[in-house]
Each structure stands twice: as structure tokens, then as C-alpha cells.
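To start, the structure itself, in C-alpha cells.
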Amino acid sequence: MKHLYLLIFFLFVAASYGQDAGNQADIPGFRLYPNPATEGKVFINTTLNAPKRILIYDVLGTQVLQTTILGKELNLSELNSGVYVLRVLEGDKIATRKLVIK
Numbered sequence: 041m042k043h044l045y046l047l048i049f050f051l052f053v054a055a056s057y058g059q060d061a062g063n064q065a066d067i068p069g070f071r072l073y074p075n076p077a078t079e080g081k082v083f084i085n086t087t088l089n090a091p092k093r094i095l096i097y098d099v100l101g102t103q104v105l106q107t108t109i110l111g112k113e114l115n116l117s118e119l120n121s122g123v124y125v126l127r128v129l130e131g132d133k134i135a136t137r138k139l140v141i142k
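Basically our numbering = 1-based index in the sequence shown + 40.
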């Protein structure tokens with residue numbers, strides 16, 4: 041069963057990277073740390089440091105968190121340990137990364 045979840049997760053990530061981005065591209069200067077997250081929060085730095093819309097999905101592709109941050113700190117205390125897909129939207133740019141919470 042774990043193999044099935046892992047396969048679905050990788051298919052979801054591959055599909056999100058393979059979509060036609062149009063004018064959208066990776067966010068300049070994007071940096072996510074610490075990853076894996078151990079303290080219930082991560083920090084997201086970008087060159088513009090503008091407000092960011094955050095979407096987090098579990099390995100089944102279900103959205104588990106949607107929020108907007110104005111600074112750099114993202115609170116993850118509501119999420120259980122596991123592997124997630126993090127999607128960050130800043131202006132017309134998008135960054136998608138794997139997020140691990142321990």
C-alpha cells in the first residue's frame with residue numbers, strides 16, 4: 041500500500057512540473073528551509089519577498105493547507121509528519137517543491 045501512495049505522489053509531482061506554465065516560471069531566489077521541517081515551521085525566502093499564497097497537498101493530491109504569508113515564516117503545526125507537495129505562488133510566478141515534516 042505504501043508503494044501505491046509513493047507512486048501517486050511522484051505522478052502528482054511529475055504532472056505539476058509537466059503542466060504548461062505559460063508566463064509562469066519558478067520564483068527567482070526561491071529558498072525553502074529547513075526541509076525536512078522539525079520544529080513545526082519553515083521559512084520561504086524569495087528575491088521579491090512579496091506576499092505568497094501557499095498550497096500544500098498530501099501524497100494523494102488532497103489539499104491539506106491553503107494560506108497566505110506576508111513574511112518568510114510558514115506555520116506547519118496543523119500538519120502531521122509525512123511527505124507533502126508545497127506550491128508557492130508569488131505574483132505570476134510559481135514554485136513547487138517536496139516538503140518533508142518530521
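In this text, a Cβ means the ideal position worked out from N, Cα and C, and glycines have one as well.
Would you tell me roughly how many angstroms separate the C-alpha atoms of G122 and L105, rounded to the nearest one? Here residue 122 refers to the residue found at position 82 of the sequence shown. Here residue 105 refers to the residue found at position 65 of the sequence shown. If you take the alpha carbons of G122 and L105, they lie about 14 Å apart.
Expressed to the nearest angstrom, what Euclidean distance is found between the alpha-carbon atoms of Y97 and A90? To locate residue 97, count along the sequence shown from 1; it is residue 57. To locate residue 90, count along the sequence shown from 1; it is residue 50. Computed Cα separation, rounded: 22 Å.
Please confirm whether R71 and L95 have their CB atoms less than 8 Å apart. Position 31 of the sequence shown, counted from the start, is the residue given in the question as residue 71. Position 55 of the sequence shown, counted from the start, is the residue given in the question as residue 95. The answer is no: Cβ separation not under 8 Å.
Quick check: what's the CA-CA separation for L116 versus D132? Counted from its first residue, the sequence shown places residue 116 at position 76. Counted from its first residue, the sequence shown places residue 132 at position 92. Their backbone Cα atoms lie some 24 Å apart in a straight line.
Buried or exposed for Y73, please, with buried defined as at least 16 other CB atoms from any protein chain shown within 10 angstroms of its CB. Taking the first residue of the sequence shown as 1, we reach residue 73 at position 33. Under this definition Y73 is an exposed residue.
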